[in-house]
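Asker:
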Amino acid sequence: MLSVSAAACHSSIDALTRQADQWTGKLTERDEGVKHRGRKLSDSGAKARFYHAVSEAHLSRIIKVDLAEELFSYPIDDKAKRLAEMMDGKLLLVTNAEGLSAQNVIQRYKSLVDIERGFKVLKSEIEIGPVYHRLPERIRAHASICFMALILHRVMRSRLKAADAGYTPERALEQLQRIQHHRVRLNGGEPVAGVSTISTEQNEVLHALRIGKPAVPEQLALL
């Protein structure tokens, strides 16, 4: 049983061949001296119009229109048609990697979605902009930074999900970015260092990520 898309393909082929049959009939009648109203149809005009219609329907592999032929003709490639029916609703995966089973190939292909999501995270959420390098060691260093940033982002996502904290990595980073370290000196006295007060939300994020609070001698509660 053919799927809907295959049925649609058959419908398009039938509609195109019916139109071509009409034009062929007119061309035959014209050769026999029968006149029709409207613009006079020629073999070259019919070929051009039909070729355009077949190309628009993406059926040029099945319906063959030879523009170099003197007369208008449109043979159907039965082999290409059977192949299209056989491949309908299927995605063909081809790889040059040796030693992979069919299941491994499918798993590798499905992992592309995760890879593409990773690139999106790097560009939008982590906001690593493009940097143009020339030296190989700088290229490797930049790639390593991107890789480590993506790994940290995924670890955060995994831990937040496991803790059911209700935070996305982006919201968690927004909370953590508000934690500030200060070093204050008043009236020439000894400097006092500390971090801003950890809010309830920030504490929840740190707990979900299994990260301890910043360890400093003193916390400045007024900041």
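The sequence shown maps to residues 1 to 223 in the UniProt record's numbering.
We treat Cβ as the ideally placed atom computed from N, Cα and C, and that holds for glycine.
Less than 9 Å separating the beta-carbons of Thr168 and Arg183?
Answerer: Against a cut-off of 9 Å, the Cβ pair of Arg183 and Thr168 comes out as no contact.
Asker: Among Ile63, Met87, Ser42, which residue has its Cα nearest to the Cα of Leu71?
Answerer: It is Ser42.
Asker: Leaving out five residues on either side along the sequence, give the residues of the same chain with a beta carbon under 6 Å from the beta carbon of Cys146.
Answerer: The answer, listed in chain order, is Leu122, Ile128.
Asker: Do you know offhand how far Lys120's Cα is from Gly89's?
Answerer: C-alpha separation (whole angstroms): 29 Å.
Asker: If we cut at 9 Å on Cβ distances, does Gly45 have a partner in chain B?
Answerer: Here there is only one protein chain, and chain B is not present.
Asker: What residue does the beta strand (DSSP E) around Ala163 start on, and which one ends it?
Answerer: Careful: Ala163 lies outside any beta strand (DSSP E), inside the alpha helix (DSSP H) at 136-163.
Asker: Thinking just about the alpha-carbon of each residue, which of Arg134, Tyr51, Arg171, Glu170 is nearest to the one in Pro75?
Answerer: With distances taken between Cα atoms, Pro75 lies closest to Tyr51.
Asker: DSSP three-state label for Met1, please.
Answerer: For Met1, the pLDDT reaches just 35, beneath the cut-off of 50, and the residue's location in the model is therefore unreliable, although a value from the coordinates is still provided. In this structure, Met1 counts as coil in the three-state DSSP scheme.
Asker: Could you name the residues of the same chain whose beta carbon sits closer than 8 Å to that of Met1, not counting the 5 residues immediately before and after it, in chain order?
Answerer: Confidence in Met1 is poor, its pLDDT being 35 and thus under 50, which makes the residue's placement unreliable; the coordinate value appears in the next sentence. Closer than 8 Å at Cβ, skipping near neighbours: no residue.
Asker: Smallest Cα separation from Val205: which of Val192, Ala163, Ile139?
Answerer: Measuring from the Cα of Val205, the nearest candidate turns out to be Ala163.
Asker: Distance, Cα to Cα, Thr17 vs Asn104?
Answerer: C-alpha separation (whole angstroms): 43 Å.
Asker: Counting only runs that start and end within the stretch 174-214, where is the alpha helix (DSSP H) found for 4 or more residues in a row?
Answerer: You should have 200-208.
Asker: State the CB to CB distance for the pair Val195 and Ile179, rounded to an integer number of angstroms; the pair is presumed to be in contact (CB under 8 Å).
Answerer: Confirmed, Cβ separation roughly 6 Å.
Asker: Where Leu67 and Leu92 are concerned, what is the direct C-alpha to C-alpha distance, given to the nearest angstrom?
Answerer: Those two C-alpha atoms are separated by around 31 Å.
Asker: What whole-angstrom Cβ distance do Leu27 and Ala46 have, given they're in contact under 8 Å?
Answerer: Sure, about 7 Å apart at Cβ, within 8 Å.
Asker: On the DSSP bridge assignment, give the partners of residue 224 in chain order.
Answerer: It is not possible to answer for residue 224, since the shown part of the chain is limited to 1 through 223.
Asker: Please report the Cβ distance between Glu201 and Gln175, rounded to the nearest whole angstrom; I am assuming they are in contact, meaning their Cβ atoms lie under 8 Å.
Answerer: At roughly 5 Å, the Cβ-Cβ gap stays under 8 Å, so Glu201 and Gln175 are in contact.
Asker: Look up Asn96 in the DSSP assignment and say whether it is helix, strand or coil.
Answerer: Here Asn96 sits in coil by DSSP.
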